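Trainee: In numbering that gives the first Met the number 0, the protein residues as written are 0 to 844. Okay, handing you the structure first.
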Amino acid sequence: MNCRNGEGAFAVLVQNLLLCIVFLGLFALTPMALAQQSASSAEPADSTPAQAETSSTSSAGPATGAAVPSYAALADLLENERSRQALIAQLRELAGETTGNTSSAQGEAAGPAAERQGASGDAAADQRDEDPLRGTAGALQGFAAGLAQDFSQTAVMLRGLFAGEGIHGMTAEQWRSRLLNLALVVAATLVAFAVFRLIAQWFFRRLDAWVRSSQAEKPLSSSHGRRAVRLTPRVGAIVGALAIDAGAILLAALVGYGLALFIQEQWRTSILLALIFVSAFVAVEFARSLCRAVFSERHPHLRLWHMDDAQARYWSAWLQRIISITGYGMLVAVPVVQQMLTPSVGQLAGLFIMLGVYIYAVRVIWTNRHDVRGRLEQRAESASNAFFSTLYRIAGRLWHWVGLAYFTALLIATQVDQQDALPFMAQATLRTLIVAGVATVLAAALSSLLTRRITLSSDLRRRLPLLEQRLNSYVPGAIRLLRGVILVIALLLVLDAWHAFNLSEWLYSPEGRNAIATVVHVAVILLFAMGVWTVVASIIESRLNDDSSSGRTTERQKTLLSLFRSAALAVIVTMTVLVVLSQIGVNIGPLIAGAGVVGLAIGFGAQKLVQDVITGVFIQLENGMNHNDVVEVAGIFGTVEKITIRSVGIRTLDGGYHLIPFSAIDKVSNHMRDFGYHYGEYAIAYGADVDEAVRHLHAAFDEFMQDPELAGMVLDNIEIPGVTSLHERGYNIRVLIKTVPGMQWPVQRGFNRLVRKRFAEVGIDLPYPQTVLHFAKPQPGDAEGLVLQQAPEEPRPEAEPGSSEAHAQSGENVGPARPASGSNPGPLGPAPSGPDTGDVPDSGR
Numbered sequence: 000m001n002c003r004n005g006e007g008a009f010a011v012l013v014q015n016l017l018l019c020i021v022f023l024g025l026f027a028l029t030p031m032a033l034a035q036q037s038a039s040s041a042e043p044a045d046s047t048p049a050q051a052e053t054s055s056t057s058s059a060g061p062a063t064g065a066a067v068p069s070y071a072a073l074a075d076l077l078e079n080e081r082s083r084q085a086l087i088a089q090l091r092e093l094a095g096e097t098t099g100n101t102s103s104a105q106g107e108a109a110g111p112a113a114e115r116q117g118a119s120g121d122a123a124a125d126q127r128d129e130d131p132l133r134g135t136a137g138a139l140q141g142f143a144a145g146l147a148q149d150f151s152q153t154a155v156m157l158r159g160l161f162a163g164e165g166i167h168g169m170t171a172e173q174w175r176s177r178l179l180n181l182a183l184v185v186a187a188t189l190v191a192f193a194v195f196r197l198i199a200q201w202f203f204r205r206l207d208a209w210v211r212s213s214q215a216e217k218p219l220s221s222s223h224g225r226r227a228v229r230l231t232p233r234v235g236a237i238v239g240a241l242a243i244d245a246g247a248i249l250l251a252a253l254v255g256y257g258l259a260l261f262i263q264e265q266w267r268t269s270i271l272l273a274l275i276f277v278s279a280f281v282a283v284e285f286a287r288s289l290c291r292a293v294f295s296e297r298h299p300h301l302r303l304w305h306m307d308d309a310q311a312r313y314w315s316a317w318l319q320r321i322i323s324i325t326g327y328g329m330l331v332a333v334p335v336v337q338q339m340l341t342p343s344v345g346q347l348a349g350l351f352i353m354l355g356v357y358i359y360a361v362r363v364i365w366t367n368r369h370d371v372r373g374r375l376e377q378r379a380e381s382a383s384n385a386f387f388s389t390l391y392r393i394a395g396r397l398w399h400w401v402g403l404a405y406f407t408a409l410l411i412a413t414q415v416d417q418q419d420a421l422p423f424m425a426q427a428t429l430r431t432l433i434v435a436g437v438a439t440v441l442a443a444a445l446s447s448l449l450t451r452r453i454t455l456s457s458d459l460r461r462r463l464p465l466l467e468q469r470l471n472s473y474v475p476g477a478i479r480l481l482r483g484v485i486l487v488i489a490l491l492l493v494l495d496a497w498h499a500f501n502l503s504e505w506l507y508s509p510e511g512r513n514a515i516a517t518v519v520h521v522a523v524i525l526l527f528a529m530g531v532w533t534v535v536a537s538i539i540e541s542r543l544n545d546d547s548s549s550g551r552t553t554e555r556q557k558t559l560l561s562l563f564r565s566a567a568l569a570v571i572v573t574m575t576v577l578v579v580l581s582q583i584g585v586n587i588g589p590l591i592a593g594a595g596v597v598g599l600a601i602g603f604g605a606q607k608l609v610q611d612v613i614t615g616v617f618i619q620l621e622n623g624m625n626h627n628d629v630v631e632v633a634g635i636f637g638t639v640e641k642i643t644i645r646s647v648g649i650r651t652l653d654g655g656y657h658l659i660p661f662s663a664i665d666k667v668s669n670h671m672r673d674f675g676y677h678y679g680e681y682a683i684a685y686g687a688d689v690d691e692a693v694r695h696l697h698a699a700f701d702e703f704m705q706d707p708e709l710a711g712m713v714l715d716n717i718e719i720p721g722v723t724s725l726h727e728r729g730y731n732i733r734v735l736i737k738t739v740p741g742m743q744w745p746v747q748r749g750f751n752r753l754v755r756k757r758f759a760e761v762g763i764d765l766p767y768p769q770t771v772l773h774f775a776k777p778q779p780g781d782a783e784g785l786v787l788q789q790a791p792e793e794p795r796p797e798a799e800p801g802s803s804e805a806h807a808q809s810g811e812n813v814g815p816a817r818p819a820s821g822s823n824p825g826p827l828g829p830a831p832s833g834p835d836t837g838d839v840p841d842s843g844r
């Protein structure tokens, strides 16, 4: 595996780093040295040399064992009444002499001592002001001196121990006896554990075979069923294997404890170190058993997660190695060193042990970060649902940072409090794993609800067909909200496990109770508001969509319901916000008063807006216009696309969108009410017969009704009132065709096409502009015309016989002039009515 590369180079790197870490540890322990210096500087300044001498004498007293009487002689002396009284009298005399001498000495040296103390204090203060680093340097120097003294004292103890002298009031023989007892208990416990583990392996193999056979005998088609069948025996087998492993651990510990009691009974020696090992053995092996339950390097069907055998062996060995070194080092080795030598040496040994564990763990985690991330991403691709897929991807990106943070916390905790660090870390880790597991199971159960739909009764679905769809649309958001709540609760529990936040104290405090009550009240208010909005919106939307049970909803009803839905939403949101603000402690009185003032200001300053709203409401109540109506308002002709409470949006034929406020509308022309009419005025030349023209109009309508698409738009037969006007071009015939609302324009286009076709077939022309010329004869009394001299003209080519030019040259009257063939006749379709001019059309037409 790539995670094992560079083991030899790493060992050399560790040797080089240990020296650097020692010096870094010295600098990290600067606050401890400063605390010692401050404690020593806090001693009374008025201590006299006599007191110092007395203290030094008392401290040196135990070293000079000849000057100190034995405890038995002192007890005998105090037991005799006469000797006790004599001793009391002597002590009083000595106390009086000492007091007199001390007072006189103090009186003589009080002045100079006070002066020296003041001068030294001022000098020290000036020195600290001039160089603040001298205090830190002095503290480090004092700490280094104390550490050197501890090492020298340890060396003296070790030399005395090897020389046969005792330490801590115990002889070398007694220490060898205690260490021998410890070695015997350790050997017996480990041998018993190995034997019990061999016996447990038989049960493990049987459990592994049972899980393998149960999975092979019950194949299911559905993936959910396969997961359920595989999960049930696997979990049961893992729990059983864990119980068997725990039984082996307890039996081995019982063997070691029994041996320790036997040794104490037979040899009358202390078994404290042996009991320390037995307690550490139980704690460490239980942690290792949990690791074996997760990875199970020898039995793949007893693993909690599916992984390769090589991966399982590697990570199981690494974790068990970390647990063993940390547990036995901090729970056995460090206490033994502290018992035999000094506490400071034991702390230093614990520091080196934890630094080695930390460096080793950091190296393994950082080396395998990409490999583990790749495997977790592969597992995310084959996850059963989106929640586990997201969880695997997040774990792949963050797992190494979490591991580094955990081992950093372990290092710091073991150096702050070596005695209680490992129990605290074990408890915090176990609580964190339990919280994370329960939170993951709950979140996964909520994710499974995404595949299930809320089903209402048939009667409720019939009355509110959109309510079920709306409730199902709330499910993803509600599940995300519940996941957030679970995450917050899990974070609080984890922080409480690591003593970063005291959850129980906060829950029982007034602030905690008020916060929980506020959250509950706000949640109830939001749920109630959401329920009200769901019911109102479902009722409105069921009416907006054409509900067959209650009849078709008109466009006017849809418009009013849309306005009512917007108003209801605004009211519900406003009331909910105000109530929620009042629950979280915000005074809403000024807000309501301010809203009233703002409303009054808007009423005076936005009169046009108020007029728009009021006019729009009345237009809707009177059913003036609806969506998709063809209307003419404010000089704009088009289709209504949008109606709000303030304005109307109209789309014209050229595609332009016009937004017209209701206050600008003084008249509404709606072409979509009940029915429509094709109203046509057809202008016909005077040369055509009226009855024949009317007959052809009826024939055109009959042909129009043969069209299946256009015939459905007509509601009644054609109406032809007759000739409505006479004018200089001809006469007009009015036509009325009753149509479906909005279909009058398609009917007009289709009927006009057929009318033009019919008139062209029978030769009925539509009138066009024409002029008649009259050549009048001279009358008596008219002025004589002037004779004009005509200039000679160029000879022109002869005109062809029969042409108009030839007739003009010959002086023949050619009749009224006719327009050129390219002249534009009058328009087809309705023509404006006008007076009859009496013009006579060309007889040749």
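Ideal placement from N, C-alpha and C gives every residue a C-beta, glycine not left out. Being a predicted model, the structure only gives us computed values, none of them experimental.
1. Are the CB atoms of I352 and L403 nearer to each other than 8 Å?
2. Using beta-carbon positions only, say whether F500 and L506 come within less than 8 Å of one another.
3. With respect to the alpha helix (DSSP H) encompassing I453, which residues constitute its N-terminal and C-terminal limits?
4. Determine whether the beta carbon atoms of Q537 and L463 lie at a separation below 8 Å.
5. If contacts are defined as beta-carbon pairs under 8 Å, then L459 and L466 qualify, I think. What distance do you get, rounded to the angstrom?
6. Can you give me the C-alpha to C-alpha distance between F192 and A251, rounded to a whole angstrom?
7. To which residues of the same chain is A427 closer than 7 Å at the C-beta, ignoring the five residues directly before and after it?
8. Kindly give me the distance between the Cβ atoms of S288 and A245, rounded to whole angstroms, as I take these residues to be in contact under 8 Å.
9. Compute the Euclidean distance between the alpha carbons of G598 and A592, then round it to the nearest angstrom.
10. Which partner residues of N669 appear in the DSSP bridge assignment?
11. How many whole angstroms separate the CB atoms of I237 and A292, which I take to be in contact at a CB cut-off of 8 Å?
12. Ignore the nearest five residues each way along the sequence and tell me which others in L260's own chain have a CB closer than 8 Å to its CB.
13. Quick one: what's got a C-beta closer than 8 Å to G814's C-beta in the same chain, skipping five residues either side?
14. Residues in its own chain within less than 6 Å of F203 by CB, not counting five upstream and five downstream?
15. Using the Cβ count rule (16 or more neighbours within 10 Å means buried), how would you classify I683?
16. V612 to R645, Cα distance in whole Å?
17. State buried or exposed for P589, treating a residue as buried only when at least 16 other CB atoms are found within 10 Å of its CB.
18. By the DSSP assignment, the alpha helix (DSSP H) with T638 in it spans what residues?
19. If we count Cβ pairs, one from each stretch, closer than 8 Å, do we get three or more for the region 424-444 versus the region 294-310?
20. Verify whether the separation of the beta carbon atoms of L183 and L253 is less than 8 Å.
21. How long is the line joining the alpha carbons of T533 and E640, rounded to whole angstroms?
22. According to DSSP, is H498 part of a helix, a strand, or is it coil?
23. Less than 8 Å between CB atoms is the rule here; does I601 satisfy it with respect to chain C?
24. Indicate the three-state DSSP secondary structure (helix, strand or coil) for P707 in the structure shown.
25. Can you tell me the Cα-Cα spacing of F766 and N622, whole angstroms?
26. Report yes if the CB atom of A699 is closer than 8 Å to the CB atom of V754, and no otherwise.
27. How many angstroms separate the CA atom of V713 from the CA atom of D628?
28. I need the DSSP call for N513, collapsed to helix, strand or coil.
29. Can you tell me whether DSSP reads I683 as helix, strand or coil?
30. Could you tell me whether the region 420-435 touches the region 364-376, where touching means 3 or more Cβ pairs closer than 8 Å?
31. Just to confirm, is the Cβ distance from G741 to H677 under 8 Å?
32. Between which two residues does the alpha helix (DSSP H) holding Y405 run?
33. I'd like to check one pair, I324 with V361: are the Cβ atoms closer than 8 Å?
34. With DSSP as the reference, label G675 as helix, strand or coil.
35. When DSSP labels each residue in this structure, what does V721 get in the three-state scheme?
36. Which same chain residues end up closer than 7 Å to I659 when comparing Cβ atoms and leaving out the 5 residues on each side of it in sequence?
Mentor: With the given structure in hand:
1. On the sequence shown, residue 352 is found 353 positions in, with the first residue counted as 1. On the sequence shown, residue 403 is found 404 positions in, with the first residue counted as 1. No, they are not a contact pair.
2. Mapped onto the sequence shown, residue 500 falls at position 501. Mapped onto the sequence shown, residue 506 falls at position 507. Contact flag unset, no.
3. Residue mapping note: residue 453 aligns to position 454 of the sequence shown, counting from 1. It is not in any alpha helix (DSSP H) - I453 carries neither H nor E in the DSSP assignment.
4. For this step, residue 537 is matched to residue 538 along the sequence shown. For this step, residue 463 is matched to residue 464 along the sequence shown. A small correction: the amino acid at residue 537 is Ser; Gln does not occupy that position in the sequence shown. Against a cut-off of 8 Å, the Cβ pair of L463 and S537 comes out as a contact.
5. Working through the sequence shown from its first residue, we reach residue 459 at position 460. Working through the sequence shown from its first residue, we reach residue 466 at position 467. Going by Cβ atoms, the distance from L459 to L466 rounds to 7 Å, so yes, they are a contact pair.
6. As a first step, residue 192 must be located in the sequence shown, where it is residue number 193. As a first step, residue 251 must be located in the sequence shown, where it is residue number 252. Their backbone Cα atoms lie some 5 Å apart in a straight line.
7. The count along the sequence shown starts at 1 and reaches residue 427 at position 428. Taken in chain order, the residues that qualify are A496 and W497.
8. Within the sequence shown, numbered from 1, the residue matching residue 288 stands at position 289. Within the sequence shown, numbered from 1, the residue matching residue 245 stands at position 246. Indeed, because the Cβ distance is near 6 Å, the residues count as touching under 8 Å.
9. Sequence index remark: in the sequence shown, residue 598 carries index 599 (1-based). Sequence index remark: in the sequence shown, residue 592 carries index 593 (1-based). Going from the Cα of G598 to the Cα of A592 covers about 10 Å.
10. For the purposes of this step, residue 669 is taken as residue 670 along the sequence shown, with counting starting at 1. DSSP, once it has assigned bridges, lists V630 as partnering N669.
11. Along the sequence shown, read from residue 1 onward, the residue named residue 237 stands at position 238. Along the sequence shown, read from residue 1 onward, the residue named residue 292 stands at position 293. About 6 Å; that satisfies the 8 Å criterion.
12. In the sequence shown, counting from the first residue as 1, residue 260 sits at position 261. I270.
13. Counted from its first residue, the sequence shown places residue 814 at position 815. Confidence at G814 is low in this model, with a pLDDT of 37, below 50, so the placement of that residue should be treated as unreliable; the coordinate-derived value is given next. If we look at G814 and ignore the five residues flanking it on each side, it has no Cβ neighbours.
14. Your numbering for residue 203 matches position 204 in the sequence shown. Excluding residues within five positions, the ones whose Cβ falls inside 6 Å are A240 and H298.
15. Residue mapping note: residue 683 aligns to position 684 of the sequence shown, counting from 1. Per the 10 Å Cβ criterion, buried.
16. Locating residue 612 in the sequence shown gives position 613, where the first residue counts as 1. Locating residue 645 in the sequence shown gives position 646, where the first residue counts as 1. Rounded to whole angstroms, V612 to R645 spans 5 Å at the Cα level.
17. Along the sequence shown, read from residue 1 onward, the residue named residue 589 stands at position 590. It is exposed - the Cβ of P589 has fewer than 16 other Cβ atoms within 10 Å.
18. Translated into the one-based positions of the sequence shown, residue 638 becomes position 639. Taken as a continuous stretch (DSSP letters only), T638 belongs to no alpha helix (DSSP H), being part of the beta strand (DSSP E) at I635 to I642.
19. no
20. In the sequence shown, the residue the question calls residue 183 occupies position 184. In the sequence shown, the residue the question calls residue 253 occupies position 254. No, the pair does not count as a contact, with Cβ atoms beyond the cut-off.
21. For the purposes of this step, residue 533 is taken as residue 534 along the sequence shown, with counting starting at 1. For the purposes of this step, residue 640 is taken as residue 641 along the sequence shown, with counting starting at 1. Approximately 27 Å, taken between the alpha carbons.
22. Looking up residue 498 in the sequence shown gives position 499. Three-state result, H498: coil.
23. Of the protein chains in this structure there is only one, and it is not chain C.
24. In the sequence shown, residue 707 corresponds to position 708, counting from 1. P707: helix per DSSP, three-state reduction.
25. Counting from one through the sequence shown, the residue named residue 766 turns up at place 767. Counting from one through the sequence shown, the residue named residue 622 turns up at place 623. The residue you asked about is not Phe; residue 766 is Pro in the sequence shown. If you take the alpha carbons of P766 and N622, they lie about 44 Å apart.
26. Locating residue 699 in the sequence shown gives position 700, where the first residue counts as 1. Locating residue 754 in the sequence shown gives position 755, where the first residue counts as 1. Against a cut-off of 8 Å, the Cβ pair of V754 and A699 comes out as a contact.
27. Locating residue 713 in the sequence shown gives position 714, counting from the first residue. Locating residue 628 in the sequence shown gives position 629, counting from the first residue. Going from the Cα of V713 to the Cα of D628 covers about 19 Å.
28. Position 514 of the sequence shown holds residue 513. The answer is helix: DSSP assigns N513 an H, G or I state.
29. Translated into positions along the sequence shown, residue 683 becomes position 684. In this structure, I683 counts as strand in the three-state DSSP scheme.
30. no
31. Residue mapping note: residue 741 aligns to position 742 of the sequence shown, counting from 1. Residue mapping note: residue 677 aligns to position 678 of the sequence shown, counting from 1. Against a cut-off of 8 Å, the Cβ pair of H677 and G741 comes out as no contact.
32. Counted from its first residue, the sequence shown places residue 405 at position 406. A385 to V415 is the extent of the alpha helix (DSSP H) around Y405.
33. To locate residue 361, count along the sequence shown from 1; it is residue 362. To locate residue 324, count along the sequence shown from 1; it is residue 325. No. Outside cutoff.
34. Looking up residue 675 in the sequence shown gives position 676. Strand, per DSSP.
35. Along the sequence shown, read from residue 1 onward, the residue named residue 721 stands at position 722. Reading off the sequence shown, one finds Gly at residue 721, where the question assumed Val. G721 falls in the strand class under three-state DSSP.
36. Your numbering for residue 659 matches position 660 in the sequence shown. The residues are V632, A633, I635, S646, V647 and I649.
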